[in-house]
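Written out below as structure tokens is the structure these notes cover.
Numbering (the numbering used here), first residue to last: 1 to 181.
Here it is in structure tokens:
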């Protein structure tokens with residue numbers, strides 16, 4: 001019997017080229033078991049500013065691509081920084097484009113918190129927004145992956161046994177929540 005990998009769309013809330021959130025997601029992709037296919041979404045910076053007037057057919061192509069990527073995913077893995085006690089504007093914009101979509105409701109979502117110093121304002125806001133959007137949060141709190149901050153790379157994450165253990169724990173939560181196909 002062939003087991004099909006469950007597709008997990010990884011959403012990074014940072015536009016920074018060298019981002020600890022992106023590093024955590026890239027490291028998770030390398031650590032994932034063959035039953036999980038982690039795919040990193042790359043279109044955050046290309047999304048137009050959300051306007052309800054533009055949330056009609058035909059959708060902007062980059063928005064359609066986002067919604068299709070979410071629709072193809074069996075789950076979402078999100079790593080998002082906190083800026084001034086809130087979500088980065090670009091990531092909130094991404095979420096706004098998904099509010100009116102049919103792809104997100106009921107979708108299993110796992111949140112990672114990569115802030116070593118316990119950033120929680122944005123994490124609480126993100127959980128509230130996703131709950132309002134009818135996503136299925138897989139953990140009551142974001143799972144910690146205590147990275148040193150900006151400028152961290154996937155190689156640095158993978159070099160730490162503690163960070164790898166934290167990421168494997170998160171991947172276990174995803175694997176346990178998704179049915180084997």
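Beta carbons are placed, not taken as given, at the ideal position from N, Cα and C, and that holds for glycine.
Note that this is a predicted model, so its numbers are computed, not measured.
Around the beta carbon of residue 145, 16 or more other beta carbons lie within 10 angstroms, which makes this residue buried. Non-local beta-carbon contacts of residue 138 in its own chain, meaning distances under 8 Å to residues more than five positions away in sequence, involve 75, 108, 109, 110, 173, 174 and 177 in chain order. Listed in chain order, the beta strand (DSSP E) elements of length 3 or more contained wholly in the stretch 22 to 71 are 36 to 40. Note on residue 22: 16 or more other CB atoms within 10 angstroms of its CB, so buried under the neighbour-count rule. Distances from the CA of residue 93 to each of 72, 129, 114 and 134 were compared; the closest alpha carbon is that of 129. In this structure, residue 6 sits away from residue 42, with a CB-CB distance that is not shorter than 8 Å. Spanning the alpha carbons of residue 26 and residue 124 requires a straight line of approximately 24 Å.
In the three-state reduction of the DSSP assignment, residue 132 falls in the helix class. By the CB criterion at 8 Å, residue 32 and residue 170 fall outside the cutoff. Residue state for residue 149 is assigned as coil, using DSSP reduced to three classes.
Residue nearest to residue 14 within the set 62, 82 and 52 is 82 (criterion: CA-CA distance).
The DSSP assignment places 154 to 158 and 161 to 177 as complete runs of the alpha helix (DSSP H) inside the stretch 154 to 181, in order along the chain (cut-off: 4 residues). By the beta-carbon neighbour count (other beta carbons within 10 angstroms, threshold 16), residue 18 is exposed.
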